[in-house]
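Here the structure comes first, spelled out in structure tokens, and everything after it is commentary.
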Amino acid sequence: VAAVSVTIITGVYVNHVRNLQVITITAADLTGKLPVTWFNMPYLKSVLKKGSTFVLRGRVTRKQGRLQMEHPEIFTHGAYEEILHSLQPIYALTAGLSNKTIVKLLHQVLEEKKLRPEYLADEYKERYHLADGNFALSAIHFPKNMQELLAARRRLVFDEFLLFILAVQMLKEKTEEAPNAFPMRPVWTTEQIIENLPYDLTKAQMNVWHEIERDLSGRALMSRLVQGDVGSGKTILAFLAMIMTAENGYQAVLMAPTEVLARQHFQAMKKLLQEQEISSCHPILLTGSDTAKEKREKYARIASKEASIVIGTHALIQEKVQYNQLGLVITDEQHRFGVEQRDALAKKGNRPVHTIIMTATPIPRTTGNIIFGAMDISIMTDKPAGRSPIVNYAINDSEHKQAYDLLYRELCEGHQAYIICPMVTGDDDGKKSVEETAKKIRSIYNGIEVGEVHGKMDPKKKNEVMEAFAGGGIKILVSTTVVEVGVNVPNATVILIEGANNFGMLQLHQLRGRVGRGKDQSYCVFINTSDEPCEKLNIL
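The sequence shown begins at 34 in this note's numbering and counts up one residue at a time.
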């Protein structure tokens, strides 16, 4: 988008293309000529006179090797000077609405001096250096200078946090009052499972399990957030809680963000029950790819409570799914679900149910207490025995050879690898794409099975590729961030993140968590594709 000061050197040409009236002129300055086009603006014929000068501001594109400007705003030099050194709002637009229209409408609304009553007493505004509420509403849109903008933002941010925390406090009080409609007793089955596991639970796992067990058998309804880094062993705690629920005669549900992860959870639960010779629990897997016949059969098993443990994806909240004494709801990787989706699952029971939310996203306890104030929080800090810390490397784009050598070494040892790219197609501005990278990798590692996954793929095809990678058929998976959560491949020991400088800290943390899930040493390589140093890559 550019602004140019020009003289119109031709008359106005009007063409009709289908339903569009296209107006074209040629403008010029000392550096050359520029064709300019507008659509469906017939009044411009009387405005744009040959020899007149204007400032045109719009998007410049290149067509057939020539630059041209499409549908620019038109300013007189005086009008442009007026706004040149002022802050102008830019709004997110939808079809049929221009930024100019929204600005005009907001000016009309903001002419009303008292948009809302001031609820903060003067002493609080003075103590926290806060602007008046109505001033903030007006200045956030049309500030006279940067100081006004910052003052308006500070007040609105304060309002947002204050009202949010008050709402959370009310929700917490309401939750604490909710009685336990599904009282449970501790069962020997869970103790036997813990004793017979081929590994010992960590101290953190045992602490969190005792908190969950106490909640389930307590007087108040459980609402707990379990935060633990990838590989800290949250899943076994979820399984123990579900088994305890089923042994007490209620149903338990676990919702995962992807079909691949839901299937992995289901297989792991089945294996655990078989190894421990537990026949009292009957798990079932419900996903969107089930056929209509399979869904009907599964709905019937869930409604009759024959299936006491239900694992699945968003399919669990479909209207046709009717639970029978649903007592516990667990959502895995909670940030992938909206509040409405989690609530919809929790409300599937006839009465308020026990809830556990599991996440690997690091949440400082203070922040957690604010954001999840209505929940009890369990934070797991240690990892199961035998897990080595992931070795991190931050390298530049020119050092790809070392990264590929590491990847090849791990492949030779029978392991698998991820390569993450910011884009799906067309390398651009240092942002590598899945398609171009996969093509390059196939040429480098000839004969090694390479898979591609991205959000634009057909969901069924995407699941097939993920399943093949999880099963070991695909050795290198080139992907966008769709694998950020939702797949567990212990044999994957390397992840190369192309253009790591383009991702946020939490995203990088989640992506790194795709490796380090087995007993073998794992590696994460952050590749900075920009010319500038990227400090966050060294922090990680």
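Where a beta carbon is used, it is the ideal one built from N, C-alpha and C, also for glycine.
Since the model is a prediction, treat every value here as computed from it, not as a measurement.
Cα separation between residue i and residue j?
{"i": "lysine 381", "j": "glutamine 202", "result": "25 Å"}
{"i": "asparagine 561", "j": "isoleucine 452", "result": "14 Å"}
{"i": "alanine 274", "j": "alanine 253", "result": "16 Å"}
{"i": "serine 38", "j": "glycine 44", "result": "18 Å"}
{"i": "isoleucine 390", "j": "glutamine 358", "result": "20 Å"}
{"i": "alanine 450", "j": "leucine 544", "result": "12 Å"}
{"i": "glutamate 500", "j": "valine 293", "result": "7 Å"}
{"i": "glutamate 193", "j": "arginine 334", "result": "45 Å"}
{"i": "glutamate 206", "j": "aspartate 409", "result": "12 Å"}
{"i": "glutamine 225", "j": "cysteine 314", "result": "15 Å"}
{"i": "threonine 392", "j": "glycine 91", "result": "45 Å"}
{"i": "valine 47", "j": "arginine 99", "result": "20 Å"}
{"i": "glutamate 497", "j": "glycine 504", "result": "10 Å"}
{"i": "histidine 110", "j": "leucine 163", "result": "38 Å"}
{"i": "threonine 470", "j": "methionine 217", "result": "53 Å"}
{"i": "leucine 189", "j": "threonine 127", "result": "25 Å"}
{"i": "lysine 569", "j": "leucine 143", "result": "41 Å"}
{"i": "proline 455", "j": "phenylalanine 536", "result": "8 Å"}
{"i": "asparagine 132", "j": "isoleucine 56", "result": "21 Å"}
{"i": "phenylalanine 108", "j": "phenylalanine 87", "result": "6 Å"}
{"i": "proline 231", "j": "serine 411", "result": "24 Å"}
{"i": "serine 85", "j": "threonine 40", "result": "6 Å"}
{"i": "threonine 320", "j": "arginine 247", "result": "31 Å"}
{"i": "tyrosine 556", "j": "isoleucine 116", "result": "53 Å"}
{"i": "glutamate 468", "j": "glutamine 540", "result": "21 Å"}
{"i": "lysine 416", "j": "asparagine 240", "result": "13 Å"}
{"i": "histidine 174", "j": "proline 122", "result": "6 Å"}
Could you name the residues that DSSP lists as bridge partners for residue i?
{"i": "threonine 414", "result": "Per DSSP, none; premise fails for threonine 414."}
{"i": "serine 38", "result": "Val88"}
{"i": "methionine 456", "result": "Ser466"}
{"i": "aspartate 365", "result": "Met391"}
{"i": "valine 47", "result": "Ile56"}
{"i": "proline 68", "result": "Thr59"}
{"i": "proline 212", "result": "Ala253"}
{"i": "isoleucine 344", "result": "Leu287 and Leu318"}
{"i": "threonine 94", "result": "Gln101"}
Specify the secondary structure class of residue i as computed by DSSP and reduced to three states.
{"i": "glutamine 54", "result": "strand"}
{"i": "threonine 470", "result": "helix"}
{"i": "phenylalanine 168", "result": "helix"}
{"i": "arginine 99", "result": "strand"}
{"i": "methionine 594", "result": "Any property of residue 594 remains undetermined from this structure, which presents the chain solely from 34 to 573."}
{"i": "alanine 200", "result": "helix"}
{"i": "leucine 63", "result": "coil"}
{"i": "tyrosine 437", "result": "helix"}
{"i": "phenylalanine 559", "result": "strand"}
{"i": "methionine 179", "result": "helix"}
{"i": "alanine 325", "result": "helix"}
{"i": "asparagine 425", "result": "strand"}
{"i": "asparagine 357", "result": "coil"}
{"i": "alanine 450", "result": "strand"}
{"i": "glutamate 224", "result": "helix"}
{"i": "threonine 134", "result": "helix"}
{"i": "isoleucine 638", "result": "Beyond the ends of the chain as shown, which are 34 and 573, falls residue 638; an answer cannot be given."}
{"i": "histidine 162", "result": "coil"}
{"i": "glutamate 339", "result": "coil"}
{"i": "histidine 104", "result": "strand"}
{"i": "phenylalanine 430", "result": "A small fix is needed here, since residue 430 is aspartate in this sequence, not phenylalanine. Helix at aspartate 430."}
{"i": "valine 548", "result": "coil"}
{"i": "valine 386", "result": "coil"}
{"i": "aspartate 409", "result": "strand"}
{"i": "glycine 111", "result": "helix"}
{"i": "lysine 331", "result": "helix"}
{"i": "leucine 120", "result": "coil"}
{"i": "alanine 298", "result": "According to the sequence displayed, residue 298 carries histidine and not alanine. The answer is helix: DSSP assigns histidine 298 an H, G or I state."}
{"i": "alanine 185", "result": "helix"}
With a cut-off of 8 Å on the beta carbons, I'd call residue i and residue j a contact; round off their distance for me.
{"i": "threonine 388", "j": "methionine 288", "result": "Not a contact, Cβ separation roughly 11 Å."}
{"i": "arginine 547", "j": "alanine 525", "result": "6 Å"}
{"i": "alanine 60", "j": "valine 69", "result": "5 Å"}
{"i": "threonine 291", "j": "valine 520", "result": "7 Å"}
{"i": "alanine 301", "j": "threonine 278", "result": "Contact flag wrong, Cβ pair sits at about 17 Å."}
{"i": "glutamine 284", "j": "valine 343", "result": "7 Å"}
{"i": "valine 386", "j": "leucine 361", "result": "6 Å"}
{"i": "valine 457", "j": "threonine 513", "result": "6 Å"}
{"i": "isoleucine 509", "j": "isoleucine 481", "result": "6 Å"}
{"i": "serine 265", "j": "proline 219", "result": "Incorrect: roughly 23 Å between the Cβ atoms, too far for contact."}
Is the Cβ of residue i closer than 9 Å to any Cβ of chain B?
{"i": "serine 313", "result": "Judged by its chain identifiers, the structure shown contains no chain B, having just a single protein chain."}
Which runs of the alpha helix (DSSP H) at least 4 residues long sit entirely within the stretch 474 to 545? Give them in chain order.
492 to 503 and 538 to 545
With a floor of 3 residues, list each beta strand (DSSP E) that falls wholly inside the stretch 228 to 291, ordered by position along the chain.
256 to 261 and 284 to 288
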